[in-house]
Amino acid sequence: MRTTTLLAASAISVASAGRINRSDFRHEDIIYKDVAIIGGGASGAHAAVKLRQDFGKSVVIIEREPILGGHVDTYKDKTTGNIHDYGIALYFPYEDSFDFFSRPDINVMLSPWFPAEGNEIRYIDFTSGQELTSAFQPPDEAAGPVAIKKFHDLMTAKGWDNMTQPGYWGLPAGKDIPEDLLLPIGQFAKKHGIEAMLSTMYPSTGGGVGSRGNFEDILTLSIIKAFPTAWSKVFFGEVGMFKIDGGNQVLYDKISTLLGKDVLYNSQVVDSNRSNSGVELVIDSSRLDDDEGQLIKSGKGKSQSKGKGKPTKKLIIAKKLLLAIPLTRENLVPFDLTPSEKTHFSKPKYGRSHTAIAKHSKLPVGTQFRNLPLSATSNPLSPFLQTPFVLSFTSLATDSPLFSLGSSGTNYTDFPPSEAKKVTRKAIQKMVAAGILPNLEDEEVEFVAWSDHGPGGFGVSAQELREGWMEDMYALQGKRSTWFTGNGIAADFTTMLWKFNDVLLDKIVEGL
Ligand SMILES: Cc1cc2nc3c(=O)[nH]c(=O)nc-3n(C[C@H](O)[C@H](O)[C@H](O)COP(=O)(O)OP(=O)(O)OC[C@H]3O[C@@H](n4cnc5c(N)ncnc54)[C@H](O)[C@@H]3O)c2cc1C
1 MRTTTLLAAS AISVASAGRI NRSDFRHEDI IYKDVAIIGG GASGAHAAVK LRQDFGKSVV
61 IIEREPILGG HVDTYKDKTT GNIHDYGIAL YFPYEDSFDF FSRPDINVML SPWFPAEGNE
121 IRYIDFTSGQ ELTSAFQPPD EAAGPVAIKK FHDLMTAKGW DNMTQPGYWG LPAGKDIPED
181 LLLPIGQFAK KHGIEAMLST MYPSTGGGVG SRGNFEDILT LSIIKAFPTA WSKVFFGEVG
241 MFKIDGGNQV LYDKISTLLG KDVLYNSQVV DSNRSNSGVE LVIDSSRLDD DEGQLIKSGK
301 GKSQSKGKGK PTKKLIIAKK LLLAIPLTRE NLVPFDLTPS EKTHFSKPKY GRSHTAIAKH
361 SKLPVGTQFR NLPLSATSNP LSPFLQTPFV LSFTSLATDS PLFSLGSSGT NYTDFPPSEA
421 KKVTRKAIQK MVAAGILPNL EDEEVEFVAW SDHGPGGFGV SAQELREGWM EDMYALQGKR
481 STWFTGNGIA ADFTTMLWKF NDVLLDKIVE GL
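Mapping the sequence shown onto UniProt numbering, position 421 (from 1) lands on 421, and the numbers just tick up by one.
The following block contains the structure:
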């Protein structure tokens, strides 16, 4: 149902905490909205469009970067004209959430997505640069999907799918969470005789999607977030995969046009007051890009910006706040947390992942180098890497010297882009020294595009889940006019996050 919202200062009565003084702001720097959304990735951008178009609510997105899209990274190779999505690659249908692609003013064209073929696959230990010996047998291509189907059937039969997707509304209270979901994924697979699924889950989750630690030790519930039952269906052909024509950024550029001035870019909240009657947010729109925060993104205006902008502080007064950002301690500092909220959000510990496109005239095209330890065997439980690691180098086209790569580190704060680049360069040097790559003649590999995917993984331990962390997280929904969405607390796929939003938005607009 569409309703019209009358936007006027008088319509919003947010009690101001002493700390924020409204008279410090010029009249034109105070913005009144129904919902303020922090973060313009898949979750925040989708929520903004739906709140505006379906519920007639006024919104503002506060986005740290100069464009919308979050994990989407679209790179256009100027030489060949090829478009490479080196962050989010594909979308799969989940319930009715695919309708979002075709709604008015968005309407992007989708095409089927297929895995790249034609590259010769070589298994290399990137820490020594050596090729795995003939004693190593690559994972059995046929066994993976069979085991994934068994995983799917097990999840469904036990009702674990409904507990874990699209969000955790259905997850039992901490002490009642099924023991199996709190096992490390290696043990879970072994217990159910589906070890062969691991070699499919491993690359699909980027080696655990920036989770802390080594793949086989990662909590099953955490892996399921990045490999939910709905996603497993693509591996036995029950659902298809799609990409957006022209690159996945096209969607967010369209949303950006649609939302216009309702997005504040290069912006962050620096102070806030949250109460049951609404929120006040002080916004600084002069984000500083330090060396670790800088983006080297391509395409249509993704930031290459560095340095100071002109300080512009605004005050947003909104009835509701929707946090669509990673819920890290650092991100939450300006959000006026209560002591118990502080304790809650201090528990998760996140890993960090990066994706990039690298270029060097001597890198051999038509090859994918997959990183595995020299000790890897054909036992599906053995062949996993120790973080930090580069998962693979993949030649992007036979007519171009571009390679894509992804890396993961254990601690969010210890694995900034500079560290990830060091690990990447070292892997290349080792392969050169071992003769796998040709002599690069002192010419550095160039990173033509780099994307810091920030904190990843699930963050909380089995013990913390047992003690009710997730229950507490969901109990925070709506408290002090604040709501939470995004991949930190729901299945980590765009279309599933959109479905999660659909449930959440109905709750958010109640009483608005
Ligand atoms: C490398 C990689 C590949 C992936 N591939 C796929 C795929 O192919 N298909 C798929 O469906 N899913 C994929 N995913 C999963 C992806 O995480 C989700 O699909 C989805 O993009 C998550 O959306 P989000 O809105 O929760 O978070 P994000 O996309 O991370 O959005 C968060 C937004 O908040 C902004 N932000 C962060 N902190 C602040 C702050 N303090 N203030 C203001 N703004 C802030 C960020 O700049 C960002 O725009 C991939 C994830 C990764 C890491």
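Backbone N, C-alpha and C define an ideal beta-carbon position, used for all residues, glycine too.
By how many angstroms is the C-alpha of residue j removed from the C-alpha of residue i?
i	j	result
G70	A45	9 angstroms
K297	L504	Reliability of the predicted coordinates at K297 is poor, the pLDDT of 37 falling under 50, and no value is obtained from them.
K313	S285	7 angstroms
K244	V250	One detail in the question is off: residue 244 reads as Ile in this sequence, not Lys. Roughly 7 angstroms between the two C-alpha positions.
R52	E464	37 angstroms
S392	I218	20 angstroms
N107	F101	5 angstroms
T495	D452	22 angstroms
R122	T387	20 angstroms
F335	D442	48 angstroms
Q268	I62	6 angstroms
K347	L221	16 angstroms
T343	A324	20 angstroms
E65	M241	28 angstroms
I20	R274	11 angstroms
P326	S134	43 angstroms
L372	E120	16 angstroms
F126	V390	8 angstroms
G293	G478	Residue confidence for G293 is low, a pLDDT of 40 falling below 50, so the modelled location carries little weight; the figure read from the coordinates is stated next. One C-alpha to the other measures close to 31 angstroms.
Q165	L171	9 angstroms
S407	A47	30 angstroms
L110	A89	12 angstroms
DSSP three-state label for residue i, please.
i	result
P339	helix
L198	helix
N273	strand
F151	helix
V108	coil
L7	Annotation note: pLDDT 33 at L7 (below 50); position unreliable, no value reported.
K349	coil
K314	strand
A36	strand
Y86	coil
G457	coil
P184	strand
W113	coil
E441	coil
L512	coil
N331	helix
V365	coil
H71	coil
V282	strand
H192	coil
Return yes when at least one heavy atom of ligand 1 lies under 6 angstroms from the C-beta of residue i, else no.
i	result
F389	no
I244	no
H71	yes
D492	yes
L264	no
T410	no
Q249	no
E65	yes
A147	no
H84	no
L332	no
T355	yes
A89	yes
Q268	yes
N487	yes
A318	no
G39	yes
I325	yes
S43	yes
H27	no
H453	yes
For residue i, is the classification buried or exposed, using 16 other Cβ atoms within 10 angstroms of its Cβ as the cut-off for buried?
i	result
K33	buried
K158	exposed
Y412	buried
D29	exposed
W483	buried
F493	buried
V270	exposed
A116	exposed
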